Structures are given as C-alpha cells and as structure tokens.
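Note that the protein sequences, when read in sequence, are chains A and B. Here our numbering is used: the first residue of the first sequence is 129, the next is one more, and so on. Here our numbering is used: the first residue of the second sequence is 38, the next is one more, and so on. Every residue gets a Cβ at the ideal spot worked out from N, C-alpha and C, and that includes glycine. A quick note: this is a predicted structure, and the numbers were derived from the prediction, not measured.
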Amino acid sequence: MNAKDLINKEKILAWINERTKISNPPLKKTPDYMRKWGGKWYWTGALITIVFLYEVITGLVLLLYYNPSDPYGATQYVLNNIPYGSLLLSTHLYGAYAMIVLVYVHMFRNYFAGAYKKPREIQWIIGVILLALTLGVGYFGYSLTGDVLSYDAQDVGKGIASSIPVIGNMLVNIGFGNGTPTSLFSRFLGWHIIFAGLIFVLFGYHFYLAEANSMLPSGKVSKYKAPAITEDTPDMKPWYPYNFLYMIELGMFTLGFVILVPSILGMIPSVPILLSPFPGPPPTSLAASLIPAYPPWFLLFAYKAVDFSIFQGTTSALQAMTVFTLLPIIYFLAVPFIDRKESLHPLDRPIITSFGILSIVYLIVLSIWGAFTPGVIISIPVMLEVLLPPAIITITSMIIFSKLWKNGKLSVKQRDIIISFYIFITGLISSIIALSVFISDQKDFQTLSFSIRLILLIGSISFFGIGTMKITPVLPENKIKAFPGIGYIVIVIILVLSWIIALSAIRLNPYHQAMLVGILLGSIFILSGISVAIYRRVVYKE
Amino acid sequence: MSDQIDNSRRNFLKLLVAGSALAAAGMSLGVIVQTLSPPPLGISSFPTLLLVDQNGNPIKASSLPLNSPSALQFNYPLQNTPNFLVNIGDENGNPIKIDPVEVIIPATGEKYTSFGGVGKNESIVSYSAICQHLGCIFPYLRFYPAGVESINLKGKNYTNVFHCLCHGSTYDPIQGGSVVTGPTVHPLPSLKLLWDQSTDELYVSNMVGPTIYGRTSDLTGEEPITGNSTSVVNSGNPFQ
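(1) Under 7 Å, CB to CB, which of the residues in the segment 201 to 214 of chain A have a partner in chain B?
(2) With a CB to CB cut of under 8 Å and the five nearest residues on each side skipped, what residues in its chain are close to Ile-249(B)?
(3) In terms of DSSP beta bridges, what is Trp-232(B) paired with?
(4) Nearest CA to the CA of Arg-163(A): which residue from Phe-328(A), Lys-365(A) and Val-256(A)?
(5) With H, G and I counted as helix, E and B as strand and the rest as coil, what does DSSP make of Asp-255(B)?
(6) Does DSSP put Gln-41(B) in a helix, a strand or coil?
(7) So what does DSSP say about Glu-513(A), is it helix, strand or coil?
(8) Contact criterion: CB-CB distance below 9 Å. Does Ser-65(B) meet it with respect to chain A?
(9) What residue does the beta strand (DSSP E) around Phe-653(A) start on, and which one ends it?
(10) In three-state DSSP terms, what is Leu-258(A)?
(11) Identify, in the order they occur along the chain, each residue of the same chain with its Cβ nearer than 6 Å to the Cβ of Ile-527(A), setting aside the five sequence neighbours on each side.
(12) Please list, in chain order, all residues of the same chain as Phe-429(A) whose beta carbon is under 6 Å from its beta carbon, the five residues on each side excluded.
(13) Apart from the five residues on each side of it in sequence, which residues of its chain come closer than 7 Å, Cβ to Cβ, to Pro-409(A)?
(14) Report the three-state DSSP secondary structure of Tyr-336(A) (helix, strand or coil).
(15) For Ile-211(B), tell me which candidate among Ser-105(B), Asp-136(B) and Gly-79(B) has the shortest Cα-Cα distance.
(16) Starting from Ala-58(B), find everything on chain A with Cβ-Cβ shorter than 8 Å and list it in chain order.
(17) With 9 Å as the C-beta to C-beta threshold (strictly closer), list the residues of the segment 79 to 93 of chain B near chain A in chain order.
(18) Evaluate Ile-396(A) with the Cβ neighbour count: other Cβ atoms within 10 Å of its Cβ, from every protein chain shown; 16 or more gives buried, anything less gives exposed.
(19) Helix, strand or coil: which one does DSSP assign to Phe-426(A)?
(20) Compare the Cα-Cα distances from Ile-250(A) to each of Asn-209(A), Leu-337(A) and Ala-289(A) and report the closest residue.
(21) Specify the secondary structure class of Glu-147(B) as computed by DSSP and reduced to three states.
(22) Taking contact to mean 3 or more Cβ pairs, one atom from each stretch, closer than 8 Å, check whether the segment 169 to 177 of chain B and the segment 193 to 209 of chain B are in contact.
(23) With distances taken Cα to Cα, identify the nearest neighbour of Ile-161(B) among Asn-92(B), Leu-53(B) and Val-123(B).
(24) By how many angstroms is the C-alpha of Thr-453(A) removed from the C-alpha of Asn-301(A)?
(25) Please report the residue range of the beta strand (DSSP E) in which Val-216(B) lies.
(26) So does the segment 645 to 655 of chain A actually touch the segment 60 to 73 of chain B, counting three or more Cβ pairs closer than 8 Å?
(27) At a Cβ threshold of 9 Å, is Phe-465(A) touching chain B?
(28) List the whole-angstrom C-beta distance separating Gly-246(B) from Gly-214(B), where the pair is believed to meet the contact cut-off of C-beta under 8 Å.
(29) Beta-carbon within less than 6 Å of Thr-196(B)'s beta-carbon, same chain only, minus the 5 sequence neighbours each way: which residues are those?
(30) State yes or no: is the beta carbon of Met-597(A) nearer than 9 Å to at least one beta carbon in chain B?
(31) Could you tell me which whole beta strand (DSSP E) segments of length 3 or greater appear in the segment 110 to 195 of chain B?
(32) Is the beta carbon of Val-231(A) less than 9 Å from the beta carbon of Leu-207(A)?
(33) Using a Cβ-Cβ cut-off of 9 Å, state whether Thr-257(B) counts as contacting chain A.
(34) Just checking Val-222(B) against the ligand FMN - is the residue's beta carbon closer than 8 Å to any of the ligand's heavy atoms?
(35) Mapping the DSSP letters down to three states, classify Tyr-208(B) as helix, strand or coil.
(36) The alpha helix (DSSP H) that contains Val-222(B), what's its start and end?
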C-alpha cells in the first residue's frame, strides 16, 4: 500500500463503513410514501425518540448540579450561575412537555389507525406503559425544582397516594421517603432517573418490536385489514442515506422547536405560571401564597376530577383517580383484546373511535377546567352539563358517519381531511381567544363551557377526519420541477444565515442573554432542517 | 447534462447543507460544553467588611476583652473561612503594641510583612483560624493568652501563642503569626484590620501570608459573603 492509497478518500470511507456498518444499519427499509410530504404521521415515534435523547443529554448535565439538600438553591444556581444555565433548564422542562404531547399524539394516531391489532398487541401494551412512565418521570422531574409548584405537586401526590386503603401509607413512604426534605428530594431525583431508565429499557423493546413487526402501512396498502405488514420489496430505497437524512431533518425540526419555544416564552414577561419555562417562587415566600395549589399541567385533568362532588368521603381523590386515570389506562391496555375485528378503518369501529375522540376531548376540557378553577367543587349537574354533550355528539355522529360510510354514501377525500383540519385549527384558535376573555373577566366556567363545547364539537368531527388519515401519495410534479433553481438559492442563504447567527450568538452573554441564544440556536436548527428538506427534494425527489 | 456534472453539483449542494448543519451542531456542542464547566465560586478582590456582632451591631474596639481565652471568630474573605480576632496583652494585663514584622515562610523561604495591631493600644490582631499544617480548626487550634493559659512543649512554657492540639503546631501572633514549633512549615495568614478612631468600629480589608489552608487561592472555593459586614461569633472558652 503506498501513500497515495492511504489518502484515497473512497478507500478511507470504505474502511470506515466496513467497520462501523454506518451505511447498512440493521433497520428496516421503508416505502417511499412514508418519507413524502404527508408521511409525518408514520414518524411520531421517531419524534419522541429524538426528544427523549435531548432530555437524556440535558438531564445528565443538570444531574451534575443537582443537590437534594438544597433543591431550590441548586435550581437557582443553574439558572443564574452557570453559562446558558437558564437555557439548559427551561429546554429540559419544555422537552419534557414536548415528549408528553408527542406520546399522546403517537398513541392516539396509532389508536385511530388500528395499530394495536395483530401482530402489534404487546407492542401497544408496552406503549401504554411507556405513557404512564412518561407522565411519572414528568411528575418527579417537575417536583425536583423545590419551588412552590414542586411542593404543591408533592402534596397532591401524597394526598392521592395516602388515600389508597391498606397500602396507601406504604406507597407514600416508597414514593416520598421518611419525611425529611432531603429524603424527599433524594427520592424525587432517584425516581426521576429510575423512571427515565425504565423508559429507556422499555423503549428499546418497543422499538425492537416496531422494527420486527414493521411499520403499519397506509390503509391503501393494507386494505384496512389486520395483520397489516409493510413487506420488504426490492424497489425500496436503502435506509442510508434516504431514511438517515430524513431522520436528520426530523431531528433538526424537533430540536429546533424544543429549543425555540421555551426561549421565546422565557423572554416574555409574566407567562402564566403553569406554562412558565422557569421555576416559580420558593414555597416560603410571600409570592408563593398568591399561587393556587397546582399539579403540573399534564396532570391537571386528574386534579380537576377530584373536585367533582360526585366523589365523596375520605377516598374522593382515589375515586376520581380510579375513574379518570386508572380506568382509561386499563381500557387502553385492554383495547387490543376488546376490539378483535380485523378491520383497521376508524369508521368500521365507531364506538372504539368515539372513545378515542372522547379521551382527547375530556383530557383537554378537564385540563383547562382545572387550570382556571383549581379546587372549586363542581356539582353533579354542572359536571354532566360539561361532560355529557361531547359524549352524545361524538358517539351519535360517529355511528351515523359509520353507517353512511358502510353504505358507500360517505367517501373521505384528501380535501375533506385538509378542510376539517383547518376547521379544527380555527376552533383551537377561537378557543384560545375565548379563554383569554375568560381569564380577563374571571367569569364562571359555566359561561365558557358553552363555547368550549361548541369548539370541541367541531374538533370532534375534525378528529374523525384526522382519524381516517390518508397520505398524500406524491408531491405534485410541478412543485418538484420548480424547486431546483430556487432550492440552490435558499440553501446558500440558509448556510450564510446559520453561520452569521451562530457567530453572533457566541458573542452574547451566556448568563442574562441565554434565552436569546436559545432563540438563535433553535432558529439555526429549523433553518438547517429546511435545508435538508430542500436537499432531499432536489436530489432524491422526496 | 452529464452524470459527472450532476454528481459534482450534488456534492456541492451536500456541502452547503452540511455547512449549515455543522453550524447547528457546533453551536449546540459549544453550549453543552460550557454548561458543563461552572465558573469557580469566589470574588475578584478582597472586600472591606465591617465587623459586627450576631445582632448586626458594630463591634467596638475598646470593648474587646484583653487576654480572653474565649475565641472570637469571623469569616473572611469568603464564607466558611474562620479567622481569630484577639486583643493581646502581657501577664500583668497591659496591652502589647504589635508592629508589622517580616515573616518567613519556612517551606519556601519567601518573606512577607504582616499587618500590625489596631485599636487605641494597637494590640488587636487577626489571623486565619485554620491551621496551616493539616487544616484543624477551633477548638483544636486555640489561643493561649498570657497570664491565663500556657502550653508546655518539650519542657518549655509558651504563652501568647496559637497552638494546635492536632499535631502540635505553634504560631506567634506578636511576630506576625510566624512558626514557633512544627510540624507546620507555613505561618498563619495575617489579616489587615482597620480601626475607625471616631466611631471605635473595626473593619477587615485584606490578608497576607500563605494561601488559606485547603484553598487554591484566598478568593475562591467558597460562597462570597453577602452584604458589607461579617459577624464575629464568640465560640466560647475551650479550656473549660
């Protein structure tokens, strides 16, 4: 071998590839339509994985600074005394929020698509356990800061655990330690990491099963019949570089938003405390007395249910948790065995689909309700007035839709889905406006409930549309042709812009301008994501 | 368009995309690495702090007892950094005027000038209360006031010395904290006190001598003291 051979680029790459197997990873190939414009729904699990990895990295850095004997001091130290500390802590929090939202999205997407059916029953059950673990890891992580919300979360958790008969007190001791603050926060830290580890292990198996069972193909391919398998065909493009680049693109966008959103919120003064990217005041301060006792927002739904007067006596919290948390979890664990028909189409199983829609609706309604009226007791008529209409509307409309569809009188087209999605977004925006009016007027929830019901009616019907998800087969041909010229220009602009942003960001103060750095960093990620997307479109026509 | 050109265009495009991805990756790496390295705790210069009692009232120089075996200690220049405050007299109860002297560090042979006494009689001095040998603190390291307590070392009686019971190091506060007996090879660091004649209040403003035991520098390794004062705590009489 002479010197010329040693620096031969091809040979070096081949040497690396032969040993790292980087261009031939043991991952399933996927059909082209999954990587195309409308194929995002196939990758909700990938998005969770990306956010989870982000949480692991930032969490391990934060672990180096945590001190269970002075949790609030340690939190303040991270925020004020280490470079980019406020960015680190706030994006770790928002990464967790993103992960929770994405886990729900992933679950409901697969629920409506019927992915829990043969051969994916166990994969689905592990997924439901992963949802519970994700909420758990979120609960313990949220409680680590030592601020007033963390003590509230601890009180709520202790209250519910201790109301369980016989084993309640033991559960409190297991979860919260021997009663000293140091023991409490050591437990929180321990459970936070243990739960994250469990998620990692179970995710590994979940992912292995996803690979082994293959991706759930589109309804067109599977003809909406279980078992639905994506067969390996010779025309499938190799994982590397096609899926590899696609994962890079998704990663860039996901990380970009995870960093961007809390950075923007961190620069806005007076963000409502439930959504603030920073910890609240310490529990012993005057400011803390003005904040109502809240659990983290992702557990507000269960917290509101505790206020229903239908649940009475010393075990009222336990009853509410059973009805609004335990039963739904059991239902989702059991759904592969309840619905054993082989049809995957959401309109072919109207009751199952309705339960999915109702779960989303109740989750949102109870959460918003809990955020605005924490601890206000809700009488039975009011409870029924809020909870019954969505149920009646959803179930009857789904049954009607289902009948029409089975008689061939209803065909869902691509355009219908897009339109219903826009209606849903409009409804969402108007509900946010309605909420802000509500906040400023401090009206009773009653007044609000009508508009919320109306919006959720629209939402429910829209979810029907989303539930029948179809995939855009190809990007229109004319768009592809229009890309290359402008694609080059955009990619060059993005390259220049990213470096200008990166170079100016490193000059900013890593302490009081950390959130601005976050906005810039998030923007670079999103810009690079756009760049990769254009590249894939220009070069791979994807 | 030949395949050759297409390929080079494609590679060029690849390079551009990789360039912006590199900006994102490089910047994230920079941020993560920086979050991993916390700035050392400490201050950049010696602060001037008023000596106060535990209630926050200033210590009056004239009220400091002469030859007291009880230890008065305060933190300086950072928290958890104790120093003794002593008012030194002879066995007849007359204050001793303490002058700045040249002190030798036996370990290195270096020399420095200690700070002299303050107050009406220039008899009030302050020294680090962490033994320079292996870091023992009060009550092991203690002051033996003349006419009150003494320590017998190898048949010789010493008084008006700081002596550490851990391993037997002895320091002379009248001679700038210099080493009297080993095993220590470093004198006790000397603190600069200021006396305000009009108000009789005491301030501490500087430190000289070897680095405080166990620190890489006098000004780092502990939390800064908040506010403009440091409180003097009476730790009691160790001989009782």
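Inspection of the coordinates gives the following:
(1) Answer in chain order: Asn-209, Ile-210, Pro-211, Tyr-212 and Gly-213.
(2) Taken in chain order, the residues that qualify are Thr-118, Ser-165, Ile-167, Pro-226 and Asp-255.
(3) Per DSSP, Leu-239(B).
(4) Residue Lys-365(A) is the option with its Cα nearest to Arg-163(A).
(5) When DSSP states are grouped into helix, strand and coil, Asp-255(B) belongs to the coil group.
(6) Here the model assigns Gln-41(B) a pLDDT of 49, short of 50, so the residue's position is not dependable, and the following value carries that caveat. Assignment of Gln-41(B) by DSSP, reduced to helix, strand and coil, places it in the helix class.
(7) Helix at Glu-513(A).
(8) Yes, contact with chain A.
(9) Careful: Phe-653(A) lies outside any beta strand (DSSP E), inside the alpha helix (DSSP H) at 642 to 668.
(10) Note: Leu-258(A) maps to helix in three-state DSSP.
(11) Once the five neighbours on either side are set aside, the close Cβ partners of Ile-527(A) are Pro-478.
(12) Cβ within range, chain order: Leu-491, Leu-494 and Ser-495.
(13) In the same chain as Pro-409(A), and ignoring 5 residues on each side of it, the C-beta atoms closer than 7 Å to its own belong to Asp-275, Val-276, Ala-415 and Ala-416, in chain order.
(14) DSSP places Tyr-336(A) in helix when its eight states are reduced to three.
(15) It is Asp-136(B) whose Cα lies nearest to the Cα of Ile-211(B).
(16) Within 8 Å Cβ-Cβ: Ile-376, Met-380, Ser-656, Ser-659 and Val-660.
(17) Answer set for the segment 79 to 93 of chain B: empty.
(18) Exposed: under 16 other Cβ atoms inside 10 Å.
(19) Three-state DSSP puts Phe-426(A) in a helix.
(20) Of the residues Asn-209(A), Leu-337(A) and Ala-289(A), the one whose Cα lies closest to the Cα of Ile-250(A) is Leu-337(A).
(21) Of the three classes helix, strand and coil, the one that applies to Glu-147(B) here is coil, per DSSP.
(22) With the cut-off at 8 Å, the segment 169 to 177 of chain B and the segment 193 to 209 of chain B touch.
(23) Scanning Asn-92(B), Leu-53(B) and Val-123(B) for the CA closest to the CA of Ile-161(B) turns up Val-123(B).
(24) One C-alpha to the other measures close to 22 Å.
(25) Counting along the chain, Val-216(B) sits inside the beta strand (DSSP E) bounded by residues 215 to 218.
(26) Touching, yes, given that three or more Cβ pairs across the two stretches are closer than 8 Å.
(27) The C-beta of Phe-465(A) comes no closer than 9 Å to any C-beta of chain B.
(28) Contact between Gly-246(B) and Gly-214(B) holds: their C-beta atoms lie close to 7 Å from each other, under 8 Å.
(29) By the criterion of a C-beta distance shorter than 6 Å, Thr-196(B) is surrounded in its chain by Tyr-181, Ala-183 and Ser-187, once the five residues flanking it on both sides are discounted.
(30) Confidence at Met-597(A) is low in this model, with a pLDDT of 49, below 50, so its placement is unreliable and the value that follows should be read with caution. So no, Met-597(A) is outside the interface.
(31) The qualifying runs are 119 to 124, 139 to 141, 148 to 150, 161 to 165, 178 to 181, 188 to 190 and 193 to 195.
(32) When the beta-carbon positions are compared, Val-231(A) and Leu-207(A) stay at least 9 Å from each other.
(33) No, Thr-257(B) lies away from the interface with chain A (no Cβ there is under 9 Å from its Cβ).
(34) Although the ligand FMN was asked about, the structure shown includes no ligands whatsoever.
(35) Here Tyr-208(B) sits in strand by DSSP.
(36) Note, Val-222(B): premise wrong, no alpha helix (DSSP H); not H, not E.
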